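Numbering (full-length UniProt numbering), first residue to last: 1 to 340.
For each residue, glycine too, the CB sits at the ideal point set by N, CA and C.
Just so we're clear, the structure is a prediction, and the values are computed from it rather than from any experiment.
Notes to accompany the following structure.
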Ligand SMILES: [Zn+2]
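Structural data, given as structure tokens:
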């Protein structure tokens, strides 16, 4: 009898002990997972070699970047041309942050407007990816530059990222050329050659550079879509403008630009995020060849801070189609004397 009671007691202890251990294990595992995810989001912890471990929206988002872009599957996009102002920047620093070569601008003058944007945007950051993150008509290029602009209503990139459509990224893809050097890449490369390839400290401070030199000659033709940042936490509702035509960089300039080391002291061989699903998104293509037609399609009006308005004056809307993802397409007729 005593033995049986003892056994029952012993079994109960074992049972509760096991449950307790399992609970502790679950809590510890969860905590480790959360801490791991948070750490990954910090600048130094994530890696391009482990993109499946990137946290937050990188895993769960449905409007992620980069994506493949294609002429044929894009909607014609009617807008005025982009306007670039005050491209010259002075006394800026070039840094290797362990992932890429980056320039941060604290008191920026370069401004972006037009192109369907409903307010002015100011430049905050310029950096590079190799090979390109976006793919155009099935082709990946050796380099892509990102100029990150924020709505002039915000003073920091951090504040703007928290608000839908307050960030616009201009993306340029580059082809390798062999002869003609490029002054803007020579300036950056000189900085890289002068100091260590190790990350952390700024390479050098420079007197002057025109940031719009990084854009292609034809900046009037571009894809536009709503996506995300391409590094953790992959925040969404970022307005992307990807130029349809490429710019160029020499093989030598490319070699020097990409000769940086990560915080693990390994050469950064590549720093492009893998292509993401388009899902239900609409991709627009502004093409100067079609923009003068009388019948046009407007899709994805680019709002500023998410509450901008499209101004449709002197046009006759003939049909409005609502797409699955709540975007809408206006089919409209513009009188001959129409001006936006
Ligand atoms: Zn980027």
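Near ligand 1, which residues have their beta-carbon closer than 6 angstroms to a heavy atom?
Residues with their Cβ less than 6 angstroms from any non-hydrogen atom of ligand 1, running along the chain, are 127, 129, 146, 230.
In the DSSP assignment, what residue or residues form a beta bridge with residue 280?
Paired residues: none, contrary to the question.
In terms of DSSP beta bridges, what is residue 242 paired with?
171, 223
Can you tell me whether residue 267 is buried or exposed? The criterion is at least 16 other CB atoms within 10 Å of its CB, across all chains shown.
exposed
CA-CA distance, residue 180 and residue 255?
Here the alpha carbon of residue 180 sits roughly 15 angstroms from the alpha carbon of residue 255.
Own chain residues within Cβ distance below 6 angstroms of residue 68, not counting five before or after
135, 275
As assigned by DSSP and simplified to three states, the class of residue 75
strand
Under the rule that 16 or more other beta-carbon atoms within 10 Å means buried, what is residue 83, buried or exposed?
exposed
Tell me which residues share the same chain as residue 127 and place their Cβ nearer than 6 angstroms to its Cβ, disregarding the 5 neighbours each side in the sequence.
100, 102, 146
State the DSSP-derived secondary structure class of residue 213, mapped to helix, strand or coil.
Assignment of residue 213 by DSSP, reduced to helix, strand and coil, places it in the helix class.
Residue 318 (DSSP reduced to helix, strand or coil):
Low per-residue confidence applies at residue 318: pLDDT is 48, beneath 50, and the placement is therefore not dependable, though the value from the model is reported in the following sentence. The answer is strand: DSSP assigns residue 318 an E or B state.
Can you say whether residue 251 is buried or exposed, counting buried as having 16 or more other CB atoms within 10 angstroms of its CB?
exposed
Would DSSP call residue 343 helix, strand or coil?
It is not possible to answer for residue 343, since the shown part of the chain is limited to 1 through 340.
Assumed close pair residue 286, residue 222 - CB separation to whole angstroms, cut-off 8 angstroms:
5 angstroms
Please classify residue 198 as buried or exposed, where buried requires at least 16 other C-beta atoms within 10 Å of its C-beta.
It counts as exposed.
Does the beta-carbon of residue 239 have 16 or more other beta-carbons within 10 angstroms, so that it is buried, or is it exposed?
buried
Just reading off the beta strand (DSSP E) that residue 114 is part of, what are its end residues?
Counting along the chain, the beta strand (DSSP E) containing residue 114 begins and ends at 111 to 114.
Stretch-stretch touch, CB-based, cutoff 8 angstroms, three pairs: the stretch 70 to 83 with the stretch 42 to 60:
no
Mind checking whether residue 216 and residue 245 have CB atoms under 8 angstroms apart?
yes
Under three-state DSSP, which class holds residue 95?
strand
With DSSP as the reference, please indicate the residues paired to residue 104 in a beta bridge.
Beta-bridge annotation (DSSP): residue 104 is paired with 93, 125.
Let me know the secondary structure DSSP gives residue 183 once reduced to three states.
helix
For residue 35, which residues of its own chain have a beta-carbon under 6 angstroms away from its beta-carbon, when the five flanking residues on both sides are left out?
At residue 35 the pLDDT is 37, less than 50, meaning the model places this residue with poor confidence; the figure from the coordinates comes in the next sentence. Cβ within range, chain order: n/a, list empty.
Does DSSP put residue 250 in a helix, in a strand, or in coil?
strand
Beta-bridge pairing of residue 342 - partner residues as DSSP gives them
The structure shown does not extend to residue 342, since the chain is modelled only from 1 through 340, so no value can be given for it.
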